[in-house]
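From first to last, the protein sequence lines are chains A and B.
All letters in the first sequence, in the order written, are residues 2 to 113 by my numbering.
All letters in the second sequence, in the order written, are residues 82 to 193 by my numbering.
All residues carry an ideal CB built from backbone N, CA and C; glycine is no exception.
Keep in mind that this is a model prediction, so the values were computed, not measured.
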Amino acid sequence: DTAVSQTPKYLVTQMGNDKSIKCEQNLGHDTMYWYKQDSKKFLKIMFSYNNKELIINETVPNRFSPKSPDKAHLNLHINSLELGDSAVYFCASSQTPQGSRTFGSGTRLTVV
Amino acid sequence: GQQVMQIPQYQHVQEGEDFTTYCNSSTTLSNIQWYKQRPGGHPVFLIQLVKSGEVKKQKRLTFQFGEAKKNSSLHITATQTTDVGTYFCAGRWMDSSYKLIFGSGTRLLVRP
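Written as structure tokens, this is what we have:
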């Protein structure tokens, strides 16, 4: 019974392609997030949704577009992938925006 | 922008030695959370500190929040090989109820 599950686990793709990462949580949490972790392990918030409403939208290229069809799902679509997009992307959720984050196992994106 | 500075970046200890990682903020924090990420894994929530001067313990781990709520520390007594991983602090500022900023992390390596 995975609490926060994201797919795929690995994604290798060519520059210029469009790809999506899916995330689902079964914790009944109201808030979901996308984080990017680069090769130096820095964890940066990208987006956050609370009850399907966007509440955090960091300085992220327009090529990244989150979508939250319902409270339990937050997907990330990336257009025109670039080499610099290579990283591990973590989905997370919390009961409230102030709560502790429960992270998914991550999606390792490699752009070649 | 607002940052949480975390030191040291790396710490290599002999099993049985103690370990401490420190987090510092230039402005007062509302609260601070600590996470552990095992190699190849995802961040896992450890604890949240809210009150000025608060000290919490989890077995061999001791967490402290400074009196001015600008710094925090995690101390591990008598490290074990299972303690290996990257420890992140994550702070929330008084004027930002939603955003949790992660420190750069301290990577702990333990020699058996």
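Check: Near-chain A residues of the segment 121 to 132 of chain B (beta-carbon distance less than 8 Å), N- to C-terminal order; Outcome: G122, H123, P124, V125, F126, Q129
Check: Positions along the segment 154 to 183 of chain B whose CB lies within less than 9 Å of some CB in chain A; Outcome: T167, F169, A171, R173, S178, Y179, K180, L181, I182, F183
Check: Contact set between S87 (chain A) and chain B, taken where Cβ atoms lie within less than 7 Å; Outcome: Here the premise fails: no neighbours, minimum Cβ distance about 17 Å.
Check: Chain A within 8 Å of Q114 (chain B), Cβ atoms only; Outcome: yes
Check: Rounded straight-line distance, which links the Cα of G107 (chain A) to that of H123 (chain B); Outcome: 7 Å
Check: Cβ-based burial, T60 (chain A) [other Cβ within 10 Å; buried from 16]; Outcome: exposed
Check: Whole alpha helix (DSSP H) elements within the segment 118 to 160 of chain B, 4-residue minimum; Outcome: none
Check: E148 (chain B) burial status per 10 Å Cβ neighbour count (16 or more: buried); Outcome: exposed
Check: P98 (chain A) burial status per 10 Å Cβ neighbour count (16 or more: buried); Outcome: buried
Check: Straight-line gap, L190 (chain B) to T163 (chain B) (C-alpha atoms, nearest Å); Outcome: 10 Å
Check: Rounded C-alpha distance that separates K132 (chain B) from L155 (chain B); Outcome: 16 Å
Check: Contacts that S106 (chain B) makes with chain A (C-beta to C-beta distance below 7 Å); Outcome: By Cβ distance, chain A contributes nothing, its closest Cβ being about 16 Å from S106 (chain B), past 7 Å.
Check: Residues near R173 (chain B) in its chain [Cβ-Cβ closer than 6 Å; skip 5 each side]; Outcome: S111, N112, L181
Check: Closest by C-alpha distance to Y36 (chain A), when choosing among A:S101, A:V89, A:V13; Outcome: A:V89
Check: Stretch pair the segment 79 to 93 of chain A + the segment 14 to 22 of chain A: three plus CB contacts closer than 8 Å; Outcome: yes
Check: Where the beta strand (DSSP E) through K10 (chain A) begins and ends; Outcome: Element bounds for K10 (chain A): n/a, residue is neither H nor E.
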